[in-house]
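Here's the structure we're looking at; comments come further down.
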Amino acid sequence: MIAMQYSFTLPVDYDMSIIDRRIAEKGPLLDNLPNLKFKAYLTARKSGPNTENLYAPFYVWDNEEGLNDFICGDGFAGLTQSFGWPAVRTWFIWQARMSSDIKSAVIATRELRLTPPHSSLAELRRREGAEVFEDVERNGALASISGFEPTSWTRIRFELWGERDSIPSGGSIEVFDVGHVSFPDAGSPHGD
């Protein structure tokens, strides 16, 4: 599996209801897209701790073929014509766990973590896998993803939550509103 995210920073006075409508109209179109494990349509509004208006969808693909088909397809071309050419970040998935209630997510959190040089990657992977399992099975997360990117040596922890009160707090945790989750109706809800 591979995770992917791009982000568009929108003007401070941008009418975010335009993005909300776009998500409501286009979100269900990807509900059963081949090779897509899930897509969370994310926004952040400039208020409180958020310093920008953002549209920042997050994807988990079963394989790179799904990612490539999407990036090379008409939907992504239309998106870039509307909002510009984004940098697309990717992470190899170390562990992904999803509950059957994933579509009821209302909040997402993302934490980017630096991997210190000469770290035991095997130990980090094992520990992150245990944390992902714990967050879904015991801490109320509807999905938890741990990924790793070896060019900048960053790791990601991405989680979906059913209510705002459940989310962890911390200085490096970014919080997004979830407008829609595209998730296949068929198949097992739990990832590897």
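Its first residue numbered -6, the sequence shown is counted upward by one per residue in our numbering.
By construction, the Cβ of each residue, glycine as well, lies at the ideal position given by its N, Cα and C atoms.
Beta bridge counterpart(s) of residue i as assigned by DSSP
{"i": "residue 198", "result": "Here the chain comprises residues numbered -6 to 185, so residue 198 is not present and cannot be evaluated."}
{"i": "residue 84", "result": "-4"}
{"i": "residue 32", "result": "52 and 175"}
{"i": "residue 46", "result": "3"}
Proximity below 8 Å, CB of residue i to CB of residue j
{"i": "residue 169", "j": "residue 37", "result": "yes"}
{"i": "residue 79", "j": "residue 0", "result": "yes"}
{"i": "residue 103", "j": "residue 148", "result": "no"}
{"i": "residue 138", "j": "residue 100", "result": "no"}
{"i": "residue 69", "j": "residue 63", "result": "yes"}
{"i": "residue 52", "j": "residue -6", "result": "no"}
{"i": "residue 23", "j": "residue 59", "result": "no"}
{"i": "residue 153", "j": "residue 33", "result": "yes"}
{"i": "residue 136", "j": "residue 95", "result": "yes"}
{"i": "residue 84", "j": "residue 31", "result": "no"}
Cβ-based burial, residue i [other Cβ within 10 Å; buried from 16]
{"i": "residue 93", "result": "exposed"}
{"i": "residue 193", "result": "A question about residue 193 goes unanswered here, because the residues of the chain that appear run from -6 up to 185."}
{"i": "residue 4", "result": "exposed"}
{"i": "residue 49", "result": "buried"}
{"i": "residue 88", "result": "buried"}
{"i": "residue 129", "result": "buried"}
{"i": "residue 183", "result": "Low local confidence applies: a pLDDT of 40 at residue 183 is under 50, so the model's placement there is unreliable, with the coordinate-based value given in what follows. Its Cβ having fewer than 16 others within 10 Å, residue 183 is exposed."}
Simplified DSSP assignment, three categories, for residue i
{"i": "residue 71", "result": "helix"}
{"i": "residue 138", "result": "strand"}
{"i": "residue 40", "result": "strand"}
{"i": "residue 120", "result": "helix"}
{"i": "residue 26", "result": "coil"}
{"i": "residue 89", "result": "strand"}
{"i": "residue 182", "result": "Confidence at residue 182 is low in this model, with a pLDDT of 43, below 50, so its placement is unreliable and no value can be given for it."}
{"i": "residue 157", "result": "helix"}
{"i": "residue 132", "result": "coil"}
{"i": "residue 125", "result": "helix"}
Inter-residue CB distance, residue i and residue j (contact presumed, cutoff 8 Å)
{"i": "residue 2", "j": "residue 57", "result": "Wrong, their Cβ atoms sit about 27 Å apart, outside the cutoff."}
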